[in-house]
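So the sequence shown is numbered by my numbering: it starts at 89 and just counts up by one. Taking it in order: structure first as structure tokens, then the write-up.
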Amino acid sequence: MSTTHSVWAFHALAAGMDSRLPILSAVSGMGAGAAMVAVSHPLSAMVAVSREGVWATVKRTASLTGLRALYKGAPLASGALSSGLCLGANDVIRRAMQSGHDQAMTPFEVGQAGTAAGAIAGLLEQRRLGFVSRFAISTGVFFGVSNLVRTRCFAEDQSLQAVLVGGAVGGIVSETTRLSLENVSAYAKAVKLVGPSAGFHSIVKSIGNQVARSLPGTVSFVITASAIQKCFI
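Here you go:
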């Protein structure tokens, strides 16, 4: 017995879905989380990128130290479990919030569901209030902004282009939010030491570099989650 449903990986699907949906969301999240770590960890592990560029540096490092060295300490298992729990929980929460309502959820409501799911997934990684709070907020921002971009900027919000652009923009904004929350005190010290203008410039440059490194992982997450969901159509 088949059920027609949306292929978008990040949100609970429309009413009429069967009870397997949260499990499918969790499975797609686990695969996407592993893919994200596999792509982003080597980039994050690079202390500095040469003038040849990121890809050339990765290839040179792999040839000198071996491919395994690029993935030393990569949190593949925890990344997969956390993402699976997050997408599965988000699915359940969204279905509960939307129960009895005919209208689609607003981006703000989608963000609320994402925040709750992020808090649940954050507890799996670290039981520290600060970490869980930042993880929950950035996850909510990701879900909300992604939904906002898809539904406001694209006529067909379930198209591949809408999913990719929404995921990329959501990833950039959520990662910027997470980094800003993590480094509030460091930013305050930088502004105090070198002045507002120079301090702000250094802050923007630091955040920009880290967000740029995270973007390939975000895109891989979006593509993998969507592909896994599509297999169950």
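Glycine residues also receive a C-beta, built at the ideal position from the N, C-alpha and C atoms. Being a predicted model, the structure only gives us computed values, none of them experimental.
In terms of Cα proximity to residue 128, the closest of 301, 117, 224 is 301. Sixteen is the threshold: since fewer than 16 other Cβ atoms of the shown chains lie within 10 Å of the Cβ of residue 191, the residue is exposed. Residues of the same chain with a CB within less than 8 Å of the CB of residue 197, apart from the 5 flanking positions on each side, are 185 in chain order. Note on geometry: alpha-carbon atoms of residue 249 and residue 170 lie some 26 Å from one another. Shown here for residue 269: same chain residues with a beta carbon closer than 6 Å to its own, the five before and five after excluded, namely 222 in chain order. When C-alpha distances from residue 309 are compared across 230, 244, 205, 214, the shortest belongs to 230.
Taking the CA atoms as reference points, residue 289 sits about 34 Å from residue 211.
Within the same chain, Cβ atoms closer than 6 Å to the Cβ of residue 305 are found at 124, 127, 128, the five residues on either side in sequence being excluded. When DSSP states are grouped into helix, strand and coil, residue 160 belongs to the coil group. Beta-carbon to beta-carbon, residue 209 and residue 174 are separated by about 4 Å, close enough to satisfy the 8 Å threshold.
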